[in-house]
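Student: Input: one structure, supplied below.
Protein chains: 4
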Amino acid sequence: MHEPLIESVTTVRVNYSETDQMGVVYHGRHVVWLDIARTEHLRQAGFSYRDLEAEGVRLVVTDLAIRYRAPARYDDEIRIRCRLSDVNSRRVIFSYVLETVMDGTRVAEAETTLLCLNRGHRLSRLPDAVIRALGGAPQS
Amino acid sequence: MHEPLIESVTTVRVNYSETDQMGVVYHGRHVVWLDIARTEHLRQAGFSYRDLEAEGVRLVVTDLAIRYRAPARYDDEIRIRCRLSDVNSRRVIFSYVLETVMDGTRVAEAETTLLCLNRGHRLSRLPDAVIRALGGAPQS
Amino acid sequence: MHEPLIESVTTVRVNYSETDQMGVVYHGRHVVWLDIARTEHLRQAGFSYRDLEAEGVRLVVTDLAIRYRAPARYDDEIRIRCRLSDVNSRRVIFSYVLETVMDGTRVAEAETTLLCLNRGHRLSRLPDAVIRALGGAPQS
Amino acid sequence: MHEPLIESVTTVRVNYSETDQMGVVYHGRHVVWLDIARTEHLRQAGFSYRDLEAEGVRLVVTDLAIRYRAPARYDDEIRIRCRLSDVNSRRVIFSYVLETVMDGTRVAEAETTLLCLNRGHRLSRLPDAVIRALGGAPQS
Numbered sequence: 000m001h002e003p004l005i006e007s008v009t010t011v012r013v014n015y016s017e018t019d020q021m022g023v024v025y026h027g028r029h030v031v032w033l034d035i036a037r038t039e040h041l042r043q044a045g046f047s048y049r050d051l052e053a054e055g056v057r058l059v060v061t062d063l064a065i066r067y068r069a070p071a072r073y074d075d076e077i078r079i080r081c082r083l084s085d086v087n088s089r090r091v092i093f094s095y096v097l098e099t100v101m102d103g104t105r106v107a108e109a110e111t112t113l114l115c116l117n118r119g120h121r122l123s124r125l126p127d128a129v130i131r132a133l134g135g136a137p138q139s
Numbered sequence: 000m001h002e003p004l005i006e007s008v009t010t011v012r013v014n015y016s017e018t019d020q021m022g023v024v025y026h027g028r029h030v031v032w033l034d035i036a037r038t039e040h041l042r043q044a045g046f047s048y049r050d051l052e053a054e055g056v057r058l059v060v061t062d063l064a065i066r067y068r069a070p071a072r073y074d075d076e077i078r079i080r081c082r083l084s085d086v087n088s089r090r091v092i093f094s095y096v097l098e099t100v101m102d103g104t105r106v107a108e109a110e111t112t113l114l115c116l117n118r119g120h121r122l123s124r125l126p127d128a129v130i131r132a133l134g135g136a137p138q139s
Numbered sequence: 000m001h002e003p004l005i006e007s008v009t010t011v012r013v014n015y016s017e018t019d020q021m022g023v024v025y026h027g028r029h030v031v032w033l034d035i036a037r038t039e040h041l042r043q044a045g046f047s048y049r050d051l052e053a054e055g056v057r058l059v060v061t062d063l064a065i066r067y068r069a070p071a072r073y074d075d076e077i078r079i080r081c082r083l084s085d086v087n088s089r090r091v092i093f094s095y096v097l098e099t100v101m102d103g104t105r106v107a108e109a110e111t112t113l114l115c116l117n118r119g120h121r122l123s124r125l126p127d128a129v130i131r132a133l134g135g136a137p138q139s
Numbered sequence: 000m001h002e003p004l005i006e007s008v009t010t011v012r013v014n015y016s017e018t019d020q021m022g023v024v025y026h027g028r029h030v031v032w033l034d035i036a037r038t039e040h041l042r043q044a045g046f047s048y049r050d051l052e053a054e055g056v057r058l059v060v061t062d063l064a065i066r067y068r069a070p071a072r073y074d075d076e077i078r079i080r081c082r083l084s085d086v087n088s089r090r091v092i093f094s095y096v097l098e099t100v101m102d103g104t105r106v107a108e109a110e111t112t113l114l115c116l117n118r119g120h121r122l123s124r125l126p127d128a129v130i131r132a133l134g135g136a137p138q139s
């Protein structure tokens, strides 16, 4: 029996397409980084989102909030620390801290709420094994 | 003397690159639509963000929040209604409602806070004419 | 009976997310503009790519070539003139000229080859009505 | 004295935002992967494109050609093998092979031509050290 994963750490490197003419990363790119971090968080907890989706599970973002603290720049490595704030059988809330690898400058904080849908895009239950691996209690 | 602009309306059409394999618009694209709506809001208020930037004014997003209500789909026309929630000499808060043109389905609501920076990326004052056109009082 | 459409014209306005830190449009964005222009070309020829896809027709890009002539910039309006270079029952070649609306500066030329696939992602025939509307001969 | 780098290998993992509603990677994303591969190629040859740009060197894509062979899919790892086809003092041509890490399926081949510009966006010479590291002869 595994301990639930407390915090995952994922690193991305900023590519040129992510910059804008202000000379920093465009603020919409952070949304993609959060997505990458969620996928890696699930992987580190023992699940492939690709496989979950093949089984008919869809995790859909319903709420997104980002506070930008400092710019990220071209070629920077950005570390995304991801935790589960809350999980129940139908809803998962992830929170994130983004910081530069070089000196730990806080780039942003963020939170996303996801609902579990089935193939027919109707509200559904997360598989119990996923809830447990993420640190939740399946009966909730 | 113009009345300040109350609400701007901007329409975008969903292109194929904006969809994802769930068959709907990827949730990160809404961030770009908000940006487009802000630019058009300023234009309708009589200002070009391009010109403002050339004069050394930068409006930088510090907070972003989106609540997703319904999926947007390929080739849909999406109407973005944009208002100023608050404006003072250094900070502007825009709020947005996104809905389909076809039947008015609410796609999302959002809010963004922007700070005014100068060329040197330091906190700065918005030009008085911009504050007035957006419905704020320059002395604030 | 309609004349086949010779050339379509589509206009896009550059948004901030499309720029990069060189202060111009990132060269990958032109690919999306070509896609938008194809969709509008089909629409002007009387077809909705969304409907075609719903009927099981998929047009998949197999070859892409772009020659970049001049930078496009934030807030520029870019006109995309699109023509069919060749069409037969399984393959369509579009060619494009991109230019600024302001003064007609040539931004790029491009060509894309698309194959027609069915729902099962196998090589398939374009519907005859589409071939005719695009200026091809169905028996080819 | 180093041998010039013959071939660099860079790996990217497909994230959700890169897929489209056909269930595969959108064909415009490959352009970004080529860009990432070029940056890594330069790094493996001993140069940081970030530093070169800080010194006033800009490498601008003037020609892009991609042949798509097979779809890339969500969560796939894609290997990009990158070589210099030609280099002289003002122009660099990179060629690329993209393949899945899992079983080596050929995803695409591509070629990009880049010109060297200076800070003022005028045609310029690549630094000799870069030309040599890439396998070219500076006097050319």
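Protein chains in written order, with numbering that gives the first Met the number 0: chain Z, 0 to 139; chain F, 0 to 139; chain C, 0 to 139; chain W, 0 to 139. C-beta: ideal position from N, C-alpha, C; glycine also.
1. Identify every run of the beta strand (DSSP E) within the segment 67 to 132 of chain Z, keeping only runs that are complete inside it and at least 3 residues long; order them along the chain.
2. Per the DSSP calculation, ALA64 of chain F is bridged to which residue(s)?
3. Are at least three pairs of beta-carbons, each pair with one atom in the segment 26 to 33 of chain F and one in the segment 14 to 33 of chain Z, less than 8 Å apart?
4. Taking DSSP as the reference, what is the three-state secondary structure of VAL24 of chain W?
5. Hey, is ASP74 of chain W's beta-carbon within less than 8 Å of any beta-carbon in chain Z?
6. Within 10 angstroms of the Cβ of GLY103 of chain C, are there 16 or more other Cβ atoms? Answer buried if so, exposed if not.
7. Given that a residue counts as buried once 16 or more other Cβ atoms are within 10 Å of its Cβ, and exposed if not, what is ARG105 of chain W?
8. In chain order, what residues of the same chain lie with their CB nearer than 8 Å to the CB of MET0 of chain W, ignoring the 5 residues before and after it?
9. Starting from GLU6 of chain Z, trace the beta strand (DSSP E) both ways and give me its first and last residue.
10. Verify the CB distance criterion: does THR9 of chain W have a CB-CB separation below 8 Å to chain F?
11. Should ASP75 of chain F be labelled buried (16 or more other beta-carbon atoms within 10 Å of its own) or exposed?
12. Does any residue of chain Z have a CB that is nearer than 8 Å to the CB of ASP62 of chain F?
13. Please report the Cβ distance between LEU113 of chain W and THR38 of chain W, rounded to the nearest whole angstrom; I am assuming they are in contact, meaning their Cβ atoms lie under 8 Å.
14. List the endpoints of the continuous alpha helix (DSSP H) containing ASP50 of chain C.
15. Starting from the C-beta of GLU6 of chain Z, find all residues in its chain whose C-beta is less than 8 Å away, skip the five residues before and the five after it, and write them out in chain order.
16. Inspect the beta-carbon positions of ARG49 of chain C and TYR73 of chain F and report whether they are closer than 8 Å.
17. Report yes if the C-beta distance between LEU63 of chain Z and ALA132 of chain F is below 8 Å; otherwise report no.
18. Taking 7 Å as the limit between beta carbons, can you name the residues of its chain near SER88 of chain Z, skipping five residues before and five after?
19. Report the residue from Z:THR99, Z:ALA44, Z:THR111, Z:HIS120 whose alpha carbon sits nearest the alpha carbon of ARG57 of chain Z.
20. Pull up the DSSP beta-bridge partners for LEU33 of chain Z, would you.
21. Give me whichever residues DSSP pairs with THR18 of chain W in a beta bridge.
22. Determine the direct distance from the alpha carbon of LEU41 of chain Z to that of GLY45 of chain W, and round the result to whole angstroms.
23. Give me the Cα-Cα distance between LEU116 of chain C and LEU122 of chain C, rounded to the nearest whole angstrom.
24. Pick out whichever of Z:GLN20, Z:VAL8, Z:TYR15, Z:ALA128 has its Cα sitting closest to the Cα of ILE35 of chain Z.
25. Find out if the Cβ-Cβ distance for the pair GLN20 of chain F, THR111 of chain W is shorter than 8 Å.
26. If you drop the 5 nearest sequence neighbours on each side, which residues of the same chain put their C-beta closer than 6 Å to that of GLU108 of chain C?
27. Taking only beta-carbon atoms, is ASN14 of chain W less than 8 Å away from chain Z?
28. Who pairs with LEU58 of chain Z in a beta bridge, going by DSSP?
29. Hey, how far is the Cα of SER16 of chain F from the Cα of SER16 of chain W?
30. Of all the CB atoms in chain C, is at least one closer than 8 Å to the CB of ASP34 of chain Z?
31. List the residues of chain F whose Cβ lies closer than 9 Å to the Cβ of HIS40 of chain Z, in chain order.
32. At the level of alpha carbons, what is the spacing between SER94 of chain F and ASN14 of chain F?
33. Helix, strand or coil for MET0 of chain Z per DSSP?
34. Closer than 8 Å, CB to CB, is GLN43 of chain W near chain F or not?
35. Could you give the distance in angstroms between the alpha-carbon of ASP127 of chain F and the alpha-carbon of ARG68 of chain Z?
Tutor: In short:
1. 76 to 86, 90 to 99, 105 to 116
2. Z:ALA64, F:GLU110
3. yes
4. strand
5. yes
6. exposed
7. exposed
8. Below a pLDDT of 50, predicted positions are generally treated as unreliable, and MET0 of chain W, at 47, falls in that range; the measurement from the model is reported next regardless. None.
9. 6 to 12
10. no
11. buried
12. yes
13. Incorrect: roughly 12 Å between the Cβ atoms, too far for contact.
14. 48 to 53
15. ARG80, CYS81, ARG82
16. yes
17. no
18. ARG124, LEU125, ILE130, PRO137, SER139
19. Z:HIS120
20. Partner(s): none; LEU33 of chain Z has no beta bridge.
21. W:VAL24
22. 35 Å
23. 5 Å
24. Z:VAL8
25. no
26. ARG66, VAL96
27. yes
28. Z:CYS115
29. 9 Å
30. no
31. Here the premise fails: no neighbours, minimum Cβ distance about 17 Å.
32. 24 Å
33. Low confidence applies to MET0 of chain Z: its pLDDT is 47, below 50, so where it sits in the model is not reliable enough to give any reading.
34. no
35. 26 Å
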